[in-house]
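Presented below is the structure to which this report refers.
There are 2 protein chains.
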Amino acid sequence: MNDADVYGQLKQYLGKHITVSDEQLALFCSKFKHKKTKRGEILLRADEIAPYSYFVNNGCLRVYMMDAEGRESTRFLIFENSVGTAFPSFTLQEPSMAYIQSVEPSEILYITHKDFNGLLDTFPGWERVYRIDLEREYIASIRRIESLITMDAKQKYNLLMSKNPALIQRLPSRIIADYLGISQETLSRLKSKK
Amino acid sequence: MNDADVYGQLKQYLGKHITVSDEQLALFCSKFKHKKTKRGEILLRADEIAPYSYFVNNGCLRVYMMDAEGRESTRFLIFENSVGTAFPSFTLQEPSMAYIQSVEPSEILYITHKDFNGLLDTFPGWERVYRIDLEREYIASIRRIESLITMDAKQKYNLLMSKNPALIQRLPSRIIADYLGISQETLSRLKSKK
DNA sequence: CCCCAGATTTGACAAATGTCAATAAATTAC
DNA sequence: GTAATTTATTGACATTTGTCAAATCTGGGG
Chain A
1 MNDADVYGQL
11 KQYLGKHITV
21 SDEQLALFCS
31 KFKHKKTKRG
41 EILLRADEIA
51 PYSYFVNNGC
61 LRVYMMDAEG
71 RESTRFLIFE
81 NSVGTAFPSF
91 TLQEPSMAYI
101 QSVEPSEILY
111 ITHKDFNGLL
121 DTFPGWERVY
131 RIDLEREYIA
141 SIRRIESLIT
151 MDAKQKYNLL
161 MSKNPALIQR
171 LPSRIIADYL
181 GISQETLSRL
191 KSKK
Chain B
1 MNDADVYGQL
11 KQYLGKHITV
21 SDEQLALFCS
31 KFKHKKTKRG
41 EILLRADEIA
51 PYSYFVNNGC
61 LRVYMMDAEG
71 RESTRFLIFE
81 NSVGTAFPSF
91 TLQEPSMAYI
101 QSVEPSEILY
111 ITHKDFNGLL
121 DTFPGWERVY
131 RIDLEREYIA
141 SIRRIESLIT
151 MDAKQKYNLL
161 MSKNPALIQR
171 LPSRIIADYL
181 GISQETLSRL
191 KSKK
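In order, the protein sequence lines correspond to chains A and B. Numbering of the first sequence is given in this note's numbering, commencing with residue 1 and proceeding in unit increments. Numbering of the second sequence is given in this note's numbering, commencing with residue 1 and proceeding in unit increments.
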């Protein structure tokens with residue numbers, strides 16, 4: 001894939017919801033910069049204000065918290081062809097509770113908060129696309145809350161298996177465990193028993 | 001409060017974000033119907049498609065799920081001066097996993113899905129107000145996910161106490177417990193110990 | 001104002017999950 | 001390819017939380 005293609009997936013993502021001219025698309029994409037990350041690279045640290053929102057071309061970003069004892073909890077995962085960041089920090093421009101890490105070597109696009117908000121004011125249809133995306137992500141978070149307040153460890157794991165098996169194959173089980181809010185030992189036992 | 005005033009809070013809510021003319025406000029409000037509910041009244045049952053989104057003038061609505069054994073889990077609470085519904089069902093117009101119940105005698109406004117979407121297309125500024133509200137609620141849900149995957153029962157209760165003491169005073173502890181995803185007995189013991 | 005259904009508390013016990021430590025397996029970096 | 005490092009598994013045990021049952025409390029409706 002040459003440099004001219006790095007915006008192809010972003011254009012497709014936008015085109016799924018609205019139809020815009022090629023010049024408009026080019027203008028939209030010009031706000032995004034391109035970057036390749038190494039495995040394990042940290043893109044944001046806690047207490048920093050998230051400057052960017054990311055579109056993942058390939059690879060995976062992980063938004064996670066760390067407690068005083070160094071224990072990590074994965075709040076969110078961002079895979080190919082989706083947008084994400086440390087959402088509260090980016091949106092409110094306040095210090096982040098979370099880190100962002102590239103769990104795989106990834107190829108990503110990123111946009112500043114200022115440019116992001118600028119597009120909302122100036123780019124026709126972008127506020128709608130973003131709003132619909134927000135609805136989708138909010139619904140996903142509601143489903144996750146439901147599973148967290150109603151299910152035990154095995155049920156949560158089985159649900160993830162059925163809804164997102166790719167995630168389980170792809171990520172180390174340590175991350176699966178702290179995404180589900182259980183210990184790695186418990187997860188390991190679930191896998192062998194069931 | 002007479003009938004002419006039932007839209008006062010909704011107008012204030014809208015006015016917090018954008019400035020609109022009185023006629024526009026009146027048009028906006030005309031899409032909302034007014035209703036008083038009894039304590040315990042069910043507004044939506046699981047498997048129904050949520051027809052309405054609600055603005056609560058006073059009182060409190062509760063969005064909850066019920067498992068096969070009849071155990072309830074509170075997904076969401078909607079207090080005065082805020083908007084809410086069984087969000088996934090209302091937004092996607094698909095059968096709801098959740099019930100909506102009025103936990104107190106309440107006074108509410110409600111709007112159909114069709115009118116809600118109509119306003120997004122026709123009412124200047126409404127998509128923005130709604131989008132910003134979505135961001136706020138999505139952030140709240142992220143915070144809740146964080147507390148669910150990182151905290152034990154006592155920590156979750158203490159957090160709720162510090163962030164939302166009114167909620168604890170106002171609602172029966174059975175509901176507090178299933179909002180936190182713990183049993184009422186565990187909650188009762190936390191309260192006496194700490 | 002009283003009664004009663006529902007809510008809360010408490011006790012005894014069971015089950016689920018976490019913690020710590022040791023070992024085994026896998027993956028990365030060189 | 002191999003050593004070094006991380007990751008995953010397993011065992012033993014502690015802790016938390018859930019479950020069921022009974023007793024007590026409470027507040028809303030008549």
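Ideal placement from N, C-alpha and C gives every residue a C-beta, glycine not left out.
Asked: Cα-Cα separation, Asp133(B) to Asp178(A); Found: 29 Å
Asked: Thr74(A) (DSSP reduced to helix, strand or coil); Found: strand
Asked: Secondary structure of Tyr7(A), DSSP reduced to three states; Found: coil
Asked: Opposing strand residues paired with Tyr99(B) [DSSP bridges]; Found: Tyr64(B)
Asked: Residue burial classification, Lys156(B) (beta-carbon count within 10 angstroms, cutoff 16); Found: buried
Asked: Cβ contact check for the segment 79–98 of chain B and the segment 53–63 of chain B: 3 or more pairs under 8 Å; Found: yes
Asked: Counted within 10 angstroms of its Cβ, other Cβ atoms place Lys12(A) as buried (16 or more) or exposed; Found: Before going further, note that residue 12(A) is Gln rather than Lys in the sequence given. Exposed.
Asked: Pairwise C-alpha distance: Phe76(B) and Leu143(A); Found: Before going further, note that residue 143(A) is Arg rather than Leu in the sequence given. Their Cα atoms are separated by approximately 12 Å.
Asked: 9 Å Cβ cutoff, Asp178(B) in contact with chain A; Found: yes
Asked: Assigned secondary structure, Met1(A) (DSSP; H/G/I helix, E/B strand, else coil); Found: For Met1(A), the predicted model reports a pLDDT of 46, less than 50, meaning its position is unreliable; a value from the coordinates is still stated below. Here Met1(A) sits in coil by DSSP.
Asked: DSSP beta-bridge partners of Asn58(A); Found: Glu107(A)
Asked: Val20(A) - DSSP class collapsed to helix/strand/coil; Found: coil
Asked: Where the beta strand (DSSP E) containing Leu44(A) begins and where it ends; Found: 42–44
Asked: Cβ pair Arg131(A), Arg131(B) closer than 9 Å; Found: yes
Asked: Assumed close pair Gln101(B), Glu41(B) - CB separation to whole angstroms, cut-off 8 Å; Found: 7 Å
Asked: Beta-carbon neighbours of Asp67(B), restricted to chain A and to distances below 8 Å; Found: Thr150
Asked: Enclosing beta strand (DSSP E) for Lys33(A) [first to last residue]; Found: 33–37
Asked: DSSP bridge partner residues for Thr150(B) (one or two, in chain order); Found: BP columns for Thr150(B) are empty, so no partner.
Asked: Below-9 Å beta-carbon distance, Met161(A) vs any chain B residue; Found: no
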